[in-house]
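Heads up, the thing below is written out as structure tokens.
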Amino acid sequence: MKRTLNLLLACCLVCCWGASALAVTPEAQPKVITSASKNVVEIGLSYSGDKIFFFGVNPVSGADVVIKLTAEKEEIVKLSVKGKFGPLWMSVKQYEVTGSPFIYKIHASKPLDQIISKETAQKWELGYPAVESKIKMNLIRGEAAPEDADTVWKGLLKIKERANLYNIVEDPARLEIAEGKLFKHYFRFPPAATEGRYQVESFCFLKGELVGYGKDVIEIKKVGLEHWLTQTSQNQPVFFGIMAVFIAVAVGLLVGVIFGKGGHH
Amino acid sequence: MEIYLPIAGMSINVFLILGVGGLVGFLSGLFGVGGGFLLTPLMMMIGIPPAVAAASDSNQIVAAASSGAFAHWRLGNVDFKMGLVILAGGIFGGTIGVQLVKILRAMGNFEFVMTVVYVLMLGLVGGAMFVESWRTIRRSKSATAEAAVAPVSESGLTRLFNKMPLKMNFHRSGLNTSAIFPFTIGTIVGIMAAILGVGGGFIMVPAMIYIIGMPTIAAIGTDLFQIVLTSANVTLQQAIVNHTVDLLLALILLSGSTIGAQFGAVAGKRLKGEQIRILLAIIVLALTVKLFLDLVLTPSDLVSLAPAKGGGH
Numbered sequence: 009m010k011r012t013l014n015l016l017l018a019c020c021l022v023c024c025w026g027a028s029a030l031a032v033t034p035e036a037q038p039k040v041i042t043s044a045s046k047n048v049v050e051i052g053l054s055y056s057g058d059k060i061f062f063f064g065v066n067p068v069s070g071a072d073v074v075i076k077l078t079a080e081k082e083e084i085v086k087l088s089v090k091g092k093f094g095p096l097w098m099s100v101k102q103y104e105v106t107g108s109p110f111i112y113k114i115h116a117s118k119p120l121d122q123i124i125s126k127e128t129a130q131k132w133e134l135g136y137p138a139v140e141s142k143i144k145m146n147l148i149r150g151e152a153a154p155e156d157a158d159t160v161w162k163g164l165l166k167i168k169e170r171a172n173l174y175n176i177v178e179d180p181a182r183l184e185i186a187e188g189k190l191f192k193h194y195f196r197f198p199p200a201a202t203e204g205r206y207q208v209e210s211f212c213f214l215k216g217e218l219v220g221y222g223k224d225v226i227e228i229k230k231v232g233l234e235h236w237l238t239q240t241s242q243n244q245p246v247f248f249g250i251m252a253v254f255i256a257v258a259v260g261l262l263v264g265v266i267f268g269k270g271g272h273h
Numbered sequence: 024m025e026i027y028l029p030i031a032g033m034s035i036n037v038f039l040i041l042g043v044g045g046l047v048g049f050l051s052g053l054f055g056v057g058g059g060f061l062l063t064p065l066m067m068m069i070g071i072p073p074a075v076a077a078a079s080d081s082n083q084i085v086a087a088a089s090s091g092a093f094a095h096w097r098l099g100n101v102d103f104k105m106g107l108v109i110l111a112g113g114i115f116g117g118t119i120g121v122q123l124v125k126i127l128r129a130m131g132n133f134e135f136v137m138t139v140v141y142v143l144m145l146g147l148v149g150g151a152m153f154v155e156s157w158r159t160i161r162r163s164k165s166a167t168a169e170a171a172v173a174p175v176s177e178s179g180l181t182r183l184f185n186k187m188p189l190k191m192n193f194h195r196s197g198l199n200t201s202a203i204f205p206f207t208i209g210t211i212v213g214i215m216a217a218i219l220g221v222g223g224g225f226i227m228v229p230a231m232i233y234i235i236g237m238p239t240i241a242a243i244g245t246d247l248f249q250i251v252l253t254s255a256n257v258t259l260q261q262a263i264v265n266h267t268v269d270l271l272l273a274l275i276l277l278s279g280s281t282i283g284a285q286f287g288a289v290a291g292k293r294l295k296g297e298q299i300r301i302l303l304a305i306i307v308l309a310l311t312v313k314l315f316l317d318l319v320l321t322p323s324d325l326v327s328l329a330p331a332k333g334g335g336h
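So the sequence lines, in the order shown, correspond to chains E and L. Using this note's numbering, read the first sequence as starting at 9 and increasing by one per residue. Using this note's numbering, read the second sequence as starting at 24 and increasing by one per residue.
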């Protein structure tokens, strides 16, 4: 009886294993145990970005590690494209880009193309080509041209990289793996990384195959005055607008009165 | 010292913003312009999203203009009656302008035509002003006798409007003319401002001086007074429709600009009308050159975040 039960249990386990191996979710892989130095970042008056440390244990010793930081929210970006109109440079068209992550950072223990194939990179959305293939462009104004997709993508990438929202670092010094097992690194959240939930995913690859996966969620939220101002501007816009005008007029007149008294009149 | 701006969603150096605000406030107090032409691009250069830059800028203009208008009012340079008539014309013109933009957009190539017209007009206004004030300065140096020369002798236009009904006495401006005159000027500038997407201070002040015939200092004070009302309206619209007014950014900017505006107004008092006019002409010409270069030189970035059209009217 006991033996049958054990057999049944073993069968079940095998079935489960098989089913999860078939699924393409990275969670199906052995879990990478990770830990972050903090999971909640509060935006107060003096917030100017934050640095969060991450630690993890490589499930297979010697595997390569790729870590991806993305925001849960996707954004709609409106971009103007300049072009020549006769002899003059003008903004000739406008695109609305959807499906681009607000933030996208990758840390890898060595160049991505040495760790995984293009297909694998595409599958787990690792690297810029994967992002590029995911975004959608919608022409709002002007006439489309075949080279637009490339121009707009490169332009967006430049804007994002300048704001420190996108970057890819393929450097073993930046992502240390101690004795092939314990890895540590940090992500710098730029000041532009605003309220929302961010996910840090750790992928472990051995010979191009995914052998481990882990995920941490970091929440950034506004507190105090920052929170109140944002909420009020969104939920009570009329009050907020009147308050803004009132304060401006009051300060203007106040400064006028102070200067008038202290002046030479 | 860094401070985080809640609506712009970024942190910024307080002293940098204070300094920029102070400079723009000084220009505002001296020339009677809002300063949005300078501040909005500067804010965008620092990395503030275009929509937030434009909206918060209009909020701080309310403060700088009220500070400047108050200083000018003490000095007796604000013609409230004239300001209100021009403002009424401006609102009327703005409404027409917005409709015109819709029609012109549908016809295509609208932006191109407008940009070229804008640059040409700024160049023309700046150039004419420069020549006129330069001549006045030279004349006042050589011949001391005829010191008090009005910018323009009574033109046919002025005579025509003198015969129109609704005559009003604009005491501060030293004019006695039909209210239709400043109303019409306000309307025309309002239409242009709506079409060009600019505040219009650069067109309004020269128009008040050269067409309506107001003394330079009174034109500046009066324009500041009407800017308070128009920018208050824009701020309110931006807050309600777009939620893009960053009060914290505006507060830091206006701390600098209200003080700057006071110094500007005092500096304006020490300078002669033609000296102010020649300085304004130089700034207008510099702006023209900058816009012209933007059109001609190959831009370093072909793709940029789309600017939000500022202004609620």
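Just so it is clear, CB atoms sit at the ideal spot from N, CA and C, and this is done for glycine as well. Bear in mind that the values here come from a model prediction, so they are computed numbers and not experimental data.
- Counting along the chain, the unbroken beta strand (DSSP E) around E:Lys-192 starts and ends at 190-197.
- Shown here, L:Ala-151 sits in a helix according to DSSP, grouped into three states.
- Bounds of the beta strand (DSSP E) holding E:Phe-211 are 204-214.
- If you draw a straight line from the Cα of E:Glu-83 to the Cα of E:Leu-120, it is about 26 Å long.
- In the structure shown, the three-state DSSP call for L:Leu-198 is strand.
- Within the segment 281-304 of chain L, contact with chain E at the beta-carbon level (separation under 7 Å) is assigned to Thr-281, Ile-282, Gln-285.
- A direct Cα-to-Cα measurement between L:Glu-155 and L:Val-312 gives close to 20 Å.
- At the C-beta level, L:Asn-199 and L:Ala-74 stay beyond 8 Å of one another.
- Look at L:Arg-161: its C-beta is not under 8 Å from any C-beta on chain E.
- Taking 8 Å as the cut-off, the Cβ atoms of L:Gly-296 and L:Ala-92 do not count as close.
- In this structure the segment 276-292 of chain L touches the segment 79-95 of chain L; the number of beta carbon pairs closer than 8 Å is three or more.
- Residue-level contact check: L:Pro-322 touches chain E, since one or more beta carbons of chain E fall below 8 Å from its beta carbon.
- Not one beta carbon of chain E lies nearer than 8 Å to the beta carbon of L:Ser-196.
- Listed in chain order, the positions of the segment 111-135 of chain E with a beta carbon within less than 9 Å of a beta carbon of chain L would be empty, since no residue qualifies.
- Note that the C-beta distance between E:Ile-51 and E:Lys-162 is not below 8 Å.
- The three-state secondary structure of E:Phe-110, taken from DSSP, is coil.
- Counting only runs that start and end inside the segment 119-151 of chain E, the beta strand (DSSP E) elements of at least 3 residues fall at 144-149.
- Nearest neighbour of E:Glu-127 by Cα position, chosen from E:Ala-116, E:Ser-141, E:Glu-184, turns out to be E:Ser-141.
- DSSP lists E:Lys-92 as the beta-bridge partner residues of E:Trp-97.
- Residue nearest to E:Asp-179 within the set E:Gly-216, E:His-193, E:Glu-133 is E:His-193 (criterion: CA-CA distance).
- Going by C-alpha positions, E:Glu-104 is about 16 Å away from E:Val-139.
- In this structure, DSSP gives L:Thr-245 a helical state, which the three-state scheme calls helix.
- In the structure shown, L:Ile-218 adopts helical secondary structure according to DSSP, grouped into three states.
- With 16 or more other Cβ atoms inside 10 Å of its own Cβ, L:Gly-112 counts as buried.
- When Cβ-Cβ separations below 8 Å define contact, E:Met-145 makes no contact with chain L.
- The C-alpha of L:Ser-51 lies about 14 Å from the C-alpha of L:Ser-278.
- For L:Leu-302, the enclosing alpha helix (DSSP H) has its first and last residue at 296-319.
- The alpha-carbon separation between L:Ser-81 and L:Phe-54 amounts to approximately 17 Å.
- Judged by DSSP in its simplified three-state form, L:Met-33 adopts strand.
- In this chain, E:Ser-69 is not harboured by any alpha helix (DSSP H), its DSSP state being neither H nor E.
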